[in-house]
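Worksheet: one structure, shown below.
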Amino acid sequence: MISKTLMAASTRPIILAILSKGEDYGYSIIQKVKEISGGQLEWTDGMLYPVLQRMEMDGLIKSQWKLSEGSRPRRYYTISEKGCEELSAELRSWQSVWQALTRLTEPIPAQD
Amino acid sequence: MFDLEIEIKKWKKSLYKHEVFEDGLIADLVLHLREAYEDQKLSGLDDETAFIKAQNQVGKAENLAAEYGKNQLAALNRRFPFRPGRFMPALIFNQIKTALRSIRCQKGYSLINIAGLAIGLTVCMLIVLWVVDEWSFDRFNVHAGQIYRIYRDESATQMNSTSALTPPPMAAALKKDFPEIVKSTRFGYWQRHLISYKDKNFNETRHMHVDPDFFDMFSFPLIKGDPETVFSDPYSVVLTEKTAAKYFGEEDPIGRTLTVNNSFDVLVTGIISNESLNSSLDFDLLSPFEILLKESIGEDNADNWGFNSFSTYVLLGQSARAESLNQKLKSYLKKYDEEDLDQLVLQPLTDIHLRSNLEHDLSSRGDIKYVWIFCALAVFVLLIACVNFMNLSTARSATRAREVGLRKVVGANRHQLIRQFFGESILMALIALVIALFLVELLLPMFNSLSGKELNSAWRSNFSLLLVFISLSLITGILSGIYPAVLLSSFQPVKILNGIMRSSGANPFFRKSLVIFQFSLSVFLIIGMFIISSQLNYMRDIDLGFDRDHIIHVSMHGELHDKYEAIRERFLQNPNVLHVTASMALPTNIQSTPGTPMWEGRPEDAVMEIKTDFIDYDYIETFKIPLVEGRSFSREFSTDLETSFIVNEEAVRRMNLKKPVVGKKFGFWGIDGQIIGVMKDGHFQSLHHKIEPLVFKMFPAWLRRFYVKIRSDNMAATLRDLEKTWEEMNLGYPFEYRFLDEDFNNLYRSEARLGNIFEVFAALAVFIACLGLFGLASFTAQQRTKEIGIRKVLGSPTSRIVALLNQEFLKWIALANLIAWPTAYFIMRIWIQRYAYRADIELWMFFLSAAIALAVALITVSFQTLRAARANPVKSLKHE
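Protein chains in written order, with numbering that gives the first Met the number 0: chain E, 0 to 111; chain S, 0 to 879.
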């Protein structure tokens with residue numbers, strides 16, 4: 000299981016990453032997270048919405064209610080330009096964290 | 000049976016308990032719940048279990064609410080689309096409409112409010128104009144900040160003595176000795192001149208003499224002539240526009256000549272326009288200083304460092320510092336005169352009008368103290384007007400409570416309401432501003448005659464002045480709006496709309512204190528008024544120690560001086576002329592001379608400042624100066640002309656001479672003589688000064704004016720006779736005389752003027768306060784209509800009802816007096832201490848002020864209460 004703090008830290012980049020693939024709505028975002036992580040990332044579904052609201056306030060994403068035939072009206076979210084920048088920045092930070100971790104845990108080469 | 004819709008409704012309700020959830024958010028969550036439920040069902044669960052699982056998946060309402068709450072907190076710090084904007088232009092129109100409607104609905108109150116504010120603003124604006132005028136003196140000069148006048152600090156030899164007069168060689172010497180001084184000029188006058196052009200003759204008292212640097216230093220605009228060359232010929236003159244018009248009318252003055260004292264000619268080389276300039280340097284004609292040396296005081300005096308009779312002005316370079324130069328000037332005089340211990344000091348040009356208090360200074364100066372007093376007065380008057388506004392609006396608050404309640408119910412928050420009420424008070428103040436501007440325009444001529452100034456409505460062309468006025472009115476609006484705005488906006492809508500709120504509105508204690516504050520100020524101003532006018536009367540009526548009634552004086556300049564004896568004899572032939580005598584200085588303003596006299600038994604190091612005047616025979620008799628010892632100058636004693644002195648009692652005291660004083664040795668100006676008489680102490684200077692030692696000596700060559708004492712009956716005819724005699728003598732000078740008592744009154748003219756202004760404004764302040772009281776009384780009466788009705792029905796007579804209603808107000812006024820009395824006493828005592836001789840501050844002034852305040856308040860209040868008490872009780876009670 001992933002710790003709560005790590006979950007909290009990763010929520011926004013994950014949402015941004017999902018939305019960078021195209022517009023999406025709340026329930027579907029949750030499903031994608033579960034699917035991709037193979038159940039490793041367990042979110043309380045409802046918690047997604049305050050995060051989305053906050054991200055919208057910060058201007059990272061935009062939302063719009065849409066009516067589509069044969070289904071319910073849904074609020075669709077799209078990533079904004081600022082969101083794209085934020086995503087690449089997040090990716091860089093995560094990569095550097097990852098690099099640091101892997102270097103530290105590499106087996107120490109034997110001395111000749 | 001499980002019903003999905005009912006369960007969802009229940010779930011929604013649990014969400015609604017939390018304020019943070021708005022409809023949009025709940026829709027999001029419900030949608031999510033439905034999809035989760037459907038997915039659970041697909042996995043084969045029954046309805047109820049699927050719903051519970053889906054519900055758990057979405058999460059607990061409290062946790063979600065907490066998360067949303069965080070977002071809201073963040074939104075508080077910035078604008079979030081769900082919150083109404085701080086500034087909603089659509090509401091402005093509505094608010095102006097409401098404000099105008101509320102002004103229109105309450106015509107009486109609005110009238111009182113606006114009238115009070117308008118009068119207050121008018122008084123303020125007039126005072127601002129006056130203060131700006133006083134302040135602007137000499138500031139039109141481009142180099143005003145670098146121009147200094149040199150004065151002498153004589154405290155080394157005499158107590159606290161300063162003199163604005165300096166010797167002729169100083170200006171040039173300073174410029175030569177100090178590189179910091181770039182330009183310098185003398186400015187002075189020796190005696191009045193008879194100036195003639197064709198058949199026009201005028202005695203000019205303001206024919207000043209300056210150096211060529213003058214036009215480089217000061218910025219008097221020459222409308223004709225070239226500043227570089229106007230004085231290239233020493234016998235030239237520059238006239239002010241007004242003077243030029245006096246002599247030449249429509250003709251072009253340039254190149255024409257004027258004759259001075261029938262003895263020499265000067266060429267007009269320039270015209271100055273100084274009509275609208277406030278300058279401490281007063282002149283009608285300007286000529287090079289060289290003429291003065293050649294024609295009046297003698298060229299040998301050009302290097303006379305002891306000839307202290309003129310002003311010296313210097314212009315410092317951009318980088319020069321006055322402080323360091325002042326240090327160097329301290330011992331400067333020693334360089335040219337080893338015995339001269341006086342120090343020279345630089346006085347900024349811009350200080351001369353308001354902050355200078357030197358001996359021998361230019362006439363008609365202002366006083367910074369009066370500037371402050373008037374500023375305070377302006378603030379007082381405006382405060383009183385503001386208090387009116389506060390009182391009336393809070394008193395009426397009940398009538399507007401419903402509006403406040405309704406606005407709050409439909410979503411207005413407190414800030415918006417505060418803004419609305421501020422808007423209203425500012426609107427009122429702006430309306431008052433427009434009225435006040437009209438009033439200022441209307442009253443300016445009256446104010447000018449009161450203040451002796453020539454103020455014009457400069458605000459129309461002066462943008463910054465207009466800005467001052469507008470901000471004055473905005474400040475008034477804000478100041479008077481603060482309390483009503485805060486109070487009205489604090490009402491709780493539930494209470495108002497339930498009718499729980501009592502209609503008394505504001506905190507009555509606060510309102511009472513405001514009225515008390517207002518009346519304290521008013522009583523203070525009335526007391527001030529009494530004390531100022533009693534001091535002015537005191538000065539007018541005080542026994543000066545010499546007679547000044549029915550005496551005219553005539554200046555003897557030019558050839559008149561030589562013809563004095565002849566004039567005297569001819570005038571004395573007139574049976575209505577009692578005495579003719581002459582002196583150097585006016586007896587209303589005898590100045591001191593540097594140096595200490597010699598007397599019998601004088602200690603080596605004794606220092607005594609002494610006022611001196613040169614007089615003619617009959618002086619003591621003309622002015623009826625009582626002698627306590629000895630005699631006055633007499634033709635019977637040939638030594639009187641040379642070696643006799645008459646001193647006053649104060650001088651005897653200071654010299655510590657024992658009786659008999661007559662016959663004691665006394666010397667001054669290198670003349671050794673003796674005292675022949677001792678006169679009683681008299682006020683030969685303005686009453687600002689204490690009586691100082693004084694000595695009279697005969698010196699015919701220095702007599703500057705003669706006096707004619709006329710029989711009191713039929714003065715006009717006598718004066719006509721004298722004028723005829725004058726013309727018969729064919730003296731070539733016009734017969735120009737002044738009355739001595741007028742001159743005496745002129746000493747206190749500025750005080751008298753300021754006293755008058757103060758009286759008028761104080762009366763207006765009281766009027767504004769009464770206006771407020773009137774409104775408040777009518778409000779109280781209106782509020783107690785039913786009570787009055789019931790009292791009447793039960794048999795109370797009108798008089799008792801009036802007494803009942805008045806009682807409260809009278810208590811306030813009485814309290815206001817208690818506050819005002821000590822304040823007025825202490826502050827006015829400080830003012831009156833400026834005078835060496837002063838009227839007493841008497842108890843009746845306080846009682847009378849209290850009585851006036853009470854009477855005025857009583858009349859104001861009774862007008863309303865009487866109406867209320869007389870009203871038919873049937874009318875006031877029937878609609879219950």
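Where is the CB? At the ideal position from N, CA and C, for every residue including glycine. None of the values given here were measured: they were computed from a predicted structure.
Own chain residues within Cβ distance below 7 angstroms of residue i, not counting five before or after
i, result
"S/PHE213", "THR184"
"S/LEU478", "CYS385"
"E/ALA16", "LEU86"
"S/GLY68", "VAL19"
"S/LYS658", "none"
"S/ALA881", "Nothing about residue 881 of chain S can be reported from this structure: the residues present for chain S run from 0 to 879 only."
Start-to-end residues for the alpha helix (DSSP H) that takes in residue i
i, result
"S/ASP38", "22-41"
"E/ALA7", "3-18"
"S/TYR331", "331-335"
"S/VAL237", "Element bounds for S/VAL237: not the alpha helix (DSSP H) but the beta strand (DSSP E), 235-239."
Separation of residue j from residue i, as counted between CA atoms
i, j, result
"S/SER795", "S/SER777", "20 angstroms"
"S/ALA243", "S/TYR836", "44 angstroms"
"S/GLU568", "S/PHE613", "20 angstroms"
"E/TRP93", "S/LYS96", "60 angstroms"
"S/ASN303", "S/ALA171", "13 angstroms"
"E/ASP23", "E/LEU5", "24 angstroms"
"S/PHE808", "S/THR393", "17 angstroms"
"S/LEU486", "S/ALA64", "35 angstroms"
"S/GLU735", "S/HIS552", "9 angstroms"
"S/VAL576", "S/TRP725", "14 angstroms"
"S/THR595", "S/ARG748", "33 angstroms"
"S/ILE756", "S/SER450", "7 angstroms"
"S/PRO872", "S/ARG866", "12 angstroms"
"E/LEU66", "S/LYS11", "22 angstroms"
"S/PHE518", "S/ARG395", "21 angstroms"
"S/ASP264", "S/GLU558", "15 angstroms"
"S/MET827", "S/ASN140", "37 angstroms"
"S/ILE902", "S/PHE622", "Here chain S covers residues 0 to 879 and nothing more, so residue 902 of chain S does not appear."
"S/ILE495", "S/ILE102", "22 angstroms"
"E/LEU51", "E/THR10", "10 angstroms"
N- and C-terminal bounds of the beta strand (DSSP E) containing residue i
i, result
"S/LYS223", "221-223"
"S/THR580", "576-582"
"S/SER554", "550-554"
"S/MET207", "206-209"
"S/PHE705", "704-709"
"S/MET678", "670-678"
Proximity winner among the options, relative to residue i (alpha-carbon distances)
i, options, result
"S/ASP232", "S/ALA856, S/LEU266 and S/HIS208", "S/LEU266"
"S/LYS511", "S/THR797, S/GLN71, S/ARG138 and S/ALA815", "S/ALA815"
"S/ALA581", "S/LEU809, S/ASP617, S/GLN190 and S/PRO574", "S/ASP617"
"S/VAL646", "S/VAL627, S/PHE636 and S/SER633", "S/VAL627"
"S/LYS785", "S/LYS877, S/LEU718 and S/TYR732", "S/LYS877"
"S/MET0", "S/LEU24, S/GLU47, S/LYS40 and S/TYR36", "S/GLU47"
"S/LYS689", "S/ALA650, S/VAL660, S/ASN497 and S/GLU727", "S/ALA650"
"S/THR268", "S/GLU274, S/SER262 and S/LEU257", "S/LEU257"
"E/SER70", "S/GLN56, S/ARG33, S/SER109 and S/SER101", "S/ARG33"
"S/MET714", "S/LYS623, S/ASN588, S/GLY669 and S/PHE738", "S/PHE738"
"S/LYS874", "S/GLY788, S/VAL131, S/ASP546 and S/PHE177", "S/GLY788"
6 angstroms CB neighbourhood of residue i in its chain, flanking five on each side removed
i, result
"S/ALA384", "GLY115, LEU116, GLY119 and ILE767"
"S/TYR188", "MET207"
"E/GLN63", "TYR75"
Any C-beta of chain C under 8 angstroms from that of residue i
i, result
"S/GLU66", "Absent here is chain C; the protein component of the structure consists of chains E and S."
Contacts around residue i, its chain only, beta-carbon distance under 8 angstroms, and the 5 residues preceding and following it disregarded
i, result
"S/LEU270", "A quick correction: the sequence has Ile, not Leu, at residue 270 of chain S. For S/ILE270, where only same-chain residues beyond five positions count, the Cβ hits under 8 angstroms are LEU221, ILE222, LYS223, GLY224, VAL237, LEU238, THR239, GLU240, ALA243, PRO252 and ILE253."
"S/PRO733", "LEU193, ASN200, PHE201 and ASN202"
"S/TYR15", "ILE25"
Checklist entry - Going along the chain, which residues of the segment 65-95 of chain E sit with their C-beta nearer than 7 angstroms to a C-beta in chain S? => result ARG71, ARG73 and ARG74
Next on the checklist: Please identify, using Cβ separations under 7 angstroms, the residues of the segment 12-42 of chain S that lie next to chain E, in order along the chain.
Outcome noted: LEU24, ASP27, LEU28, LEU30, HIS31, GLU34 and ALA35
Next on the checklist: Against chain S, which members of the segment 14-45 of chain E pass a CB distance test of less than 7 angstroms?
Outcome noted: GLY25, TYR26, THR43, ASP44 and GLY45
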